[in-house]
Amino acid sequence: NYICCQGMFGGCCCIQPGSLGESTCPLPCMCLEACLCPGAAVSATSGVIREKYMLGLDEDDVRLIRCSNCLFYFSFILSCIARCTECEGDDVLANIVDCISDVVFLSVSGCMTAQVHHEMKLRDTPSPMRQLIER
332 NYICCQGMFG GCCCIQPGSL GESTCPLPCM CLEACLCPGA AVSATSGVIR EKYMLGLDED
392 DVRLIRCSNC LFYFSFILSC IARCTECEGD DVLANIVDCI SDVVFLSVSG CMTAQVHHEM
452 KLRDTPSPMR QLIER
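Numbering (the working numbering), first residue to last: 332 to 466.
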């Protein structure tokens, strides 16, 4: 029943979730998803669990996710500036902010994964089931 990113995100051009060979070889697809797009994988799984059990994000969750996103963009902007300018120290600052951004991202991802594990364990559900949302 595995679909890339739980089928929560649309594809791009010819790459569509569900048509990437997930049904025939789910383990390699899961490994690629975890390595190439861990943020989308964790967010999708968390979203599926929240939808399934009709849960919402609390204010602290939203703040943590926003903080992680802002740090990511700040790190990206500093890296671009460091590559485009010849100032001394800007590359060091960009590397420090990038490291902080990575630590925050991994911490938030760990929290989201722990919440998913807790909800599944609490409700004694072996795995999240994909549900179609009618729009």
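C-beta atoms are modelled at their ideal positions from N, C-alpha and C, and glycine is treated no differently.
#### Entry: DSSP beta-bridge partners of I346
In the DSSP output, where bridge partners are listed per residue, I346 has C343.
### Task
Answer with buried or exposed for C336, where buried requires no fewer than 16 other C-beta atoms within 10 angstroms of its C-beta.
buried
### Task
Return the CA-CA distance between E353 and I396, expressed in angstroms with no decimal places.
29 Å
### Message
Alpha carbons only, please: which of A425, S374, Y333 is nearest the one belonging to C360?
### Response
Y333
### Query
Quick one: Cα of D391 to Cα of M443, how far?
12 Å
### Query
Are the CB atoms of A375 and S406 nearer to each other than 8 Å?
no
### Task
Kindly list the residues whose CB is nearer than 6 Å to the CB of G378, restricted to its own chain and excluding five residues on each side of it in sequence; keep chain order.
Within the same chain, G378 has close Cβ partners M339.
### Query
If we count the other Cβ atoms within 10 Å of its Cβ and call it buried at 16 or more, is I380 buried or exposed?
buried
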